[in-house]
Amino acid sequence: MAKIINICGARPNFMKIAPLMKAYRNHPELSPVLVHTGQHYDEKMSDLFFRELEIPAPDLNLEVGSGSHAAQTAEIMKRFEPVVLEHKPDWVLVVGDVNSTIACALVAKKLGVGVAHVEAGLRSFDRTMPEEINRVLTDAISDLLFVSEPSGLENLAREGVDSDRVHFVGNVMIDTLKSNLAKAERSTVLERLGLTKRGYNVVTLHRPSNVDDAVALGRIADALEVIQQDLPTVFPMHPRTRGNLARFGLAERFAAMRQLQIIEPLGYLDFLKLTGQAAVVLTDSGGIQEETTILGVWCLTLRENTERPVTIDSGTNRLVGTDPANVIASYRECRSKSLDTPPVPEKWDGRAAERIAAILAKMC
Ligand code: UD1
1 MAKIINICGA RPNFMKIAPL MKAYRNHPEL SPVLVHTGQH YDEKMSDLFF
51 RELEIPAPDL NLEVGSGSHA AQTAEIMKRF EPVVLEHKPD WVLVVGDVNS
101 TIACALVAKK LGVGVAHVEA GLRSFDRTMP EEINRVLTDA ISDLLFVSEP
151 SGLENLAREG VDSDRVHFVG NVMIDTLKSN LAKAERSTVL ERLGLTKRGY
201 NVVTLHRPSN VDDAVALGRI ADALEVIQQD LPTVFPMHPR TRGNLARFGL
251 AERFAAMRQL QIIEPLGYLD FLKLTGQAAV VLTDSGGIQE ETTILGVWCL
301 TLRENTERPV TIDSGTNRLV GTDPANVIAS YRECRSKSLD TPPVPEKWDG
351 RAAERIAAIL AKMC
């Protein structure tokens, strides 16, 4: 019997944990415990995802809430340490690259508990990005590294990680996408927003480099002003971005864009339907670059780099930065071209979590 404490904390973690919690059920020798750090806590950033993705209620919620990077990471560590001491797990499994990921990995490793990292090896090579620091540090102390795309294998090999510890399993986020497509199809989000298939764009923004900087956000506004004249554009807004629009005095400028609809963050099923039927998605998210690859929808990534290069190779994703002229030119190009069915990245077949559970079970 192996006890595994599974960590989730922020919105993009929930779609990664959901298929794992399901896959464990086929392995009675695995005893999973689910810990929510509480990094995200709003109904729309957390609870809704548990319900829609049928994730069992967490065994424990550390309720850390928001804070600076140091304060949030430290608080997670302080609250997680007694949990590890009490439960004495064989493994702590962390996913992705958020503060909860590194905080819990570090606590586990220092208590001599094995760390398993799902989505290991991704690198943007941009160390100004908080997630890149979380990725590099988590991988450096992980005992089992589950990789989602070939670049992850190359990066870990270059960093000297022993290949015995590395497993190319595919992408758990795509497991969730595949198992929810039929349900998402029934979402009424298009009707509710007055949209038609391929007749609108979707925008999401939350990276500090884009939304914590008034100049960068202003440049993105310049691009969106033009793009929303071409097609209605829906912007489900992350709370961090909403706060900054107000702080930088940009809220009125966004409100004045006639075809831009700013809405509250959406749940998983509505968002999947919305992205799946969009003409173009403009985003700075990592996960959305992957989802649009499988959905076969154009994705313009408003960043200078990506830790997910397979999404570029597959042909759906383009790195466009935030220079308005560049964003607009790339947008026009996408609008003028139809997208061929993109090749599916290797092992993005909906079975990544099964592979992970099988590997963990073999370790018992
Ligand atoms: C975090 C992750 C990021 C991930 C993103 C997805 C880190 C370093 N960053 O960024 O990698 O892509 O989640 O959303 O871990 N807030 C709320 N309600 C919530 C959560 C947050 O209002 O439920 C607000 C708070 O004002 C908070 C701000 O959003 O200060 C930012 O939240 P935080 O967890 O610090 O980072 P994210 O930007 O969400």
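Going by the working numbering, the residue at position 293 of the sequence shown is 293; the numbering climbs one at a time, nothing skipped.
Backbone N, C-alpha and C fix where the C-beta goes; we use that ideal spot for every residue, glycine too.
Residue pairing by DSSP places residue 298 opposite 280 in a beta bridge. Residue environment for residue 1: exposed (fewer than 16 other C-beta atoms within 10 angstroms of its C-beta). Under the 10 Å beta carbon count, residue 71 is surrounded by fewer than 16 other beta carbons and is classified as exposed.
In the structure shown, residue 4 falls within a strand segment according to DSSP collapsed to helix, strand and coil.
Distance from the CA atom of residue 3 to the CA atom of residue 324, rounded to whole angstroms, is 50 Å.
Judged by beta-carbon spacing, residue 290 lies within the 8 Å limit of residue 173, meaning their Cβ atoms are closer than that value. Less than 8 Å separates the beta-carbon of residue 13 from that of residue 96. For residue 314, the Cβ stays outside the 7 Å cut-off from all heavy atoms of the ligand UD1.
Rounded to whole angstroms, the Cβ separation of residue 121 and residue 156 is 4 Å, and the two are in contact under 8 Å. Proximity of the beta carbon of residue 94 to the ligand UD1 is not indicated: no heavy atom of the ligand is located closer than 7 Å. Annotation note: the stretch 63 to 116 contains the following uninterrupted alpha helix (DSSP H) runs of length 4 or greater, listed N- to C-terminal: 69 to 87 and 99 to 110.
DSSP, read as helix, strand or coil, puts residue 119 in strand.
At the C-beta level, residue 10 and residue 100 come within 8 Å of one another. About 11 Å separates the beta carbons of residue 203 and residue 274, which is beyond the 8 Å limit, so they are not a contact pair. Not one heavy atom of the ligand UD1 sits closer than 7 Å to the Cβ of residue 268. Nearest C-alpha to residue 281 among 245, 357, 231 and 308: 231. The criterion of a C-beta distance shorter than 8 Å is not satisfied by residue 22 and residue 118. Scanning the stretch 157 to 230 from its first residue to its last, the whole alpha helix (DSSP H) runs of 4-plus residues come out as 172 to 185, 189 to 193, 208 to 211 and 214 to 230.
In this chain, the alpha helix (DSSP H) harbouring residue 136 covers 130 to 141. Contact between residue 200 and residue 234 is confirmed by a C-beta separation of about 6 Å, below the 8 Å threshold.
At a cut-off of 7 Å, the beta-carbon of residue 46 counts as near the ligand UD1: some heavy atom of the ligand is closer than that. Going by DSSP, residue 26 is part of no alpha helix (DSSP H) at all; its letter is neither H nor E.
Residues of the same chain with a CB within less than 8 Å of the CB of residue 165, apart from the 5 flanking positions on each side, are 142, 143, 144 and 145 in chain order. Your pair residue 308 and residue 286 checks out as a contact, with CB atoms roughly 6 Å apart and the cut at 8 Å. Going by C-alpha positions, residue 266 is about 11 Å away from residue 52. For residue 305, the three-state secondary structure derived from DSSP is coil. Remark: fewer than three beta-carbon pairs, one from each stretch, lie closer than 8 Å, so the stretch 250 to 259 and the stretch 36 to 46 are not flagged as touching.
Counting only residues of its own chain and dropping the five nearest sequence neighbours on each side, residue 347 has a CB closer than 6 Å to the CB of 170. About 19 Å separates the Cβ atoms of residue 206 and residue 176, ruling out a contact at the 8 Å cut-off. When C-alpha distances from residue 211 are compared across 229, 181, 187 and 249, the shortest belongs to 249. When distances are taken from the beta-carbon of residue 99 to the heavy atoms of the ligand UD1, the shortest one is below 7 Å.
Distances from the CA of residue 179 to each of 350, 361 and 113 were compared; the closest alpha carbon is that of 350. Residue 30 sits close to residue 357, with the two beta carbons spaced by under 8 Å. Taking 7 Å as the cut-off, one finds at least one heavy atom of the ligand UD1 near enough to the beta carbon of residue 130. Beta-bridge analysis with DSSP links residue 236 to 263.
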